[in-house]
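A short worksheet on the structure shown next.
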Amino acid sequence: MPRIRWSTRAMVVVVGLVILAPFAWMVATALMTTTQTLQADPSVLPSPPTLQGVQDVFAKLPFLRLLANTVLVSLGRALVTLLIASLAAYALAIIKVPGVRIILLLVLMLLMVPGDIFILPNFSIMAKLHLTNTLVALALPNVFDVFGVFLLYQFFRGVPRELIEAARIDGASHLRILFTIVLPVSRGGLIALAILTVLNEWKELLWPIVVNRDVDQLTLGPGLALLRGTAVTDWNVLMSAGAMATLPMIVIFLLLQRHFVASLARSGLK
Numbered sequence: 019m020p021r022i023r024w025s026t027r028a029m030v031v032v033v034g035l036v037i038l039a040p041f042a043w044m045v046a047t048a049l050m051t052t053t054q055t056l057q058a059d060p061s062v063l064p065s066p067p068t069l070q071g072v073q074d075v076f077a078k079l080p081f082l083r084l085l086a087n088t089v090l091v092s093l094g095r096a097l098v099t100l101l102i103a104s105l106a107a108y109a110l111a112i113i114k115v116p117g118v119r120i121i122l123l124l125v126l127m128l129l130m131v132p133g134d135i136f137i138l139p140n141f142s143i144m145a146k147l148h149l150t151n152t153l154v155a156l157a158l159p160n161v162f163d164v165f166g167v168f169l170l171y172q173f174f175r176g177v178p179r180e181l182i183e184a185a186r187i188d189g190a191s192h193l194r195i196l197f198t199i200v201l202p203v204s205r206g207g208l209i210a211l212a213i214l215t216v217l218n219e220w221k222e223l224l225w226p227i228v229v230n231r232d233v234d235q236l237t238l239g240p241g242l243a244l245l246r247g248t249a250v251t252d253w254n255v256l257m258s259a260g261a262m263a264t265l266p267m268i269v270i271f272l273l274l275q276r277h278f279v280a281s282l283a284r285s286g287l288k
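When we follow my numbering, the leftmost residue of the sequence shown carries the number 19, and every step to the right adds one.
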């Protein structure tokens, strides 16, 4: 047993170092000067460390505006996604609407479809609604998340039927049962889905470029892509922007990692 335990720990350490290596390289590059990043024999550590790259980010990009757009779009999409996915999962798991097995099969089939094939239809819809070049267009086509429906369906199935039947005897409506019983019991799944939704929107790159034109209407992903030059790229500036854009997600995950990991583990067991 000790050998297995130590071998497992060693494997975790190795995998952790491999995962952290790109992030460490990004932070080290962010603290370098432009000259250091363009050397033929690049250095691993900045000497000396400098925040010039951070200053250049704010000079070349409306970083705070992009950050505010990203936060607003991510939170808005997460709230609407949680509402829609909760209603759909409740109908499938608790009410058990007719044809629930077929609907679940269709949900699983949609999980296998690449999201990029919906870009042109979504753009056409946004254009007809006159929503192009707006923040609403960034979140609206993605508020329905089939994975979110499937994830919450797994959690709602685990809600004790006795609680639901007792609420029905007391005359509670479906909406009251959902918001007062089912959702509080499934809090872990809601937190996991919220984190995944915010993360997906935070790193979105292609769709904002397609639907919006003005820089002030973009999010961090396409905004950082503007820092790449056609001939020469200031890698310290680009990595500084990347590090600042990644930091909020790291903080959120560290604060909620216990709920996130536990909720995904529970859904897997179910």
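For each residue, glycine too, the CB sits at the ideal point set by N, CA and C.
- Sequence-distant partners of Gln54 (beyond 5 residues in either direction) whose C-beta falls short of 8 Å from its own C-beta, in its chain, are Pro60, Ser61, Pro64, Ser65, Asn254.
- When the Cα atoms are used, Gly176 and Asp163 turn out to be separated by approximately 21 Å.
- In the three-state reduction of the DSSP assignment, Val30 falls in the helix class.
- The Cβ neighbour count for Ala106, taken over all protein chains shown within 10 Å, is at least 16; the residue is labelled buried.
- Met267 and Leu217 have their C-alpha atoms spaced approximately 7 Å apart.
- A distance of 8 Å or more separates the beta carbons of Leu211 and Leu272.
- Counting only the Cα atoms, Pro80 lies some 20 Å from Thr150.
- Ranked by Cα distance from Val167, the first of Ala261, Ala190, Ala109 is Ala109.
- Of Leu224, Gln172, Ser25, the smallest CA-CA separation from Ile135 is found for Leu224.
- Contact check for Ala259 and Val75: beta-carbon distance about 5 Å, within the 8 Å limit, so the pair qualifies.
- In this structure Ile182 is not in contact with Ile209, their Cβ atoms being roughly 22 Å apart against a cut-off of 8 Å.
- Remark: C-beta atoms of Ala243 and Val45 do not approach each other more closely than 8 Å.
- In its chain, beyond the 5 residues on either side, Asn140 have a beta carbon closer than 6 Å to the beta carbon of Pro159.
- In the structure shown, the three-state DSSP call for Met44 is helix.
- For Thr99, the enclosing alpha helix (DSSP H) has its first and last residue at 81–108.
- About 6 Å separates the beta carbon of Val161 from that of Arg95, a gap short enough to meet the 8 Å contact definition.
- The alpha carbon of Val250 has as its nearest neighbour, out of His148, Ala157, Gln57, Val36, the alpha carbon of Gln57.
- The C-beta of Thr26 has fewer than 16 other C-beta atoms within 10 Å across all chains shown, which makes the residue exposed.
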